[in-house]
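Following my numbering, the numbering of the sequence shown begins with 154 at its first residue and continues without gaps.
Quick reminder that beta carbons are idealized off the backbone N, C-alpha and C, glycines included.
These numbers were taken from a predicted model, which means no experiment stands behind them.
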Amino acid sequence: MSITGRLDGGDLVLRRTVPASRTRIWQHLTDSDRLATWYGTYSGDPASGVVEVTMTAEPGEPSTSSFAIHACDPERLLTVSSALGDQVWKLSLELEGGSDGAGGAAGDLTHLALRHHDVPADMVEHIGPGWEWYLDRLVGAVTGSRVPGMDVWDAEYMSRAPEYAALAG
């Protein structure tokens with residue numbers, strides 16, 4: 154499998170075309186129970202501008218981090234940031250196309266772009282495969298298809314690290 158990410162300045166951008174409505178995808182980004190099907194859960198009131206996100210998809214003890222919500226345009230754009238170690242990760246999820254109905258139309262295709270802002274060049278080879286895995290999990294959860302687990306992490310995702318390293322030069 155080849156990579157789907159590209160560098161846009163200092164941002165790493167990965168794209169997916171999902172056979173689902175924007176509404177359905179948005180629910181998997183913003184409803185804690187649906188977010189849990191591919192990433193983790195959150196607690197707190199999003200209207201406050203901050204939620205506590207617990208990542209549950211990876212092995213080991215779940216980790217919880219505060220996420221600040223910078224932009225929320227329902228079914229269009231969600232921008233958040235979180236301090237992870239000594240770095241701040243700022244992420245945007247953009248949705249285009251597709252219908253805005255909960256059921257969606259037959260043949261509905263929504264274009265999703267995940268933008269990880271200001272990725273340090275030496276981290277692209279690690280961050281890229283991780284977002285590939287998470288986006289494939291999101292697509293699987295939204296469409297009811299395969300949600301990849303850690304059993305395929307090395308063979309299907311970390312094998313892409315050299316291609317991501319090449320992006321950063």
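Report the CB separation of residue i from residue j in whole angstroms; it is logged as a contact under 8 Å.
i            : j                 : result
valine 300   : arginine 290      : 5 Å
valine 203   : phenylalanine 220 : 7 Å
leucine 244  : leucine 265       : Contact flag wrong, Cβ pair sits at about 12 Å.
arginine 169 : leucine 288       : 5 Å
proline 282  : methionine 303    : Incorrect: roughly 13 Å between the Cβ atoms, too far for contact.
valine 292   : valine 171        : 5 Å
valine 272   : aspartate 164     : 7 Å
How far does the beta strand (DSSP E) with residue i in it extend, from its first residue to its last?
i             : result
threonine 217 : 216-226
glycine 250   : 240-250
alanine 274   : Segment: none, alanine 274 is in no beta strand (DSSP E) and carries neither H nor E.
aspartate 164 : 164-171
valine 233    : 230-237
Please name the residue in the options whose C-alpha comes closest to that of residue i.
i             : options                           : result
aspartate 307 : Ala294, Trp286 and Val292         : Trp286
glycine 197   : Thr190, Trp191, Asp184 and Arg168 : Asp184
histidine 270 : Leu288, Ser235 and Gly297         : Ser235
threonine 232 : Glu309, Trp179, Met311 and Ala294 : Trp179
threonine 207 : Thr194, Glu214, Ser201 and Ala200 : Thr194
alanine 274   : Pro315, Val305, Val295 and Ala294 : Pro315
leucine 182   : Arg229, Ser312 and Glu309         : Arg229
leucine 237   : Ala224, Ser216 and Pro227         : Ser216
serine 218    : Gly297, Thr209 and Ile156         : Thr209
Please state whether DSSP places residue i in a helix, a strand or coil.
i              : result
tryptophan 306 : helix
threonine 157  : coil
glutamate 205  : strand
leucine 262    : coil
alanine 200    : helix
arginine 299   : coil
First and last residue of the alpha helix (DSSP H) that includes residue i?
i             : result
threonine 190 : Here threonine 190 belongs to no alpha helix (DSSP H), and DSSP marks it neither H nor E.
glutamate 316 : 314-321
arginine 175  : 175-183
Does the region 237-253 come close enough to the region 174-183 that 3 or more CB-CB pairs lie under 8 Å? Yes, since at least three Cβ pairs between the region 174-183 and the region 237-253 fall closer than 8 Å, the two stretches touch.
If you pair each beta-carbon of the region 311-320 with each one of the region 262-282, do three or more pairs fall below 8 Å? Verdict: yes, contact present.
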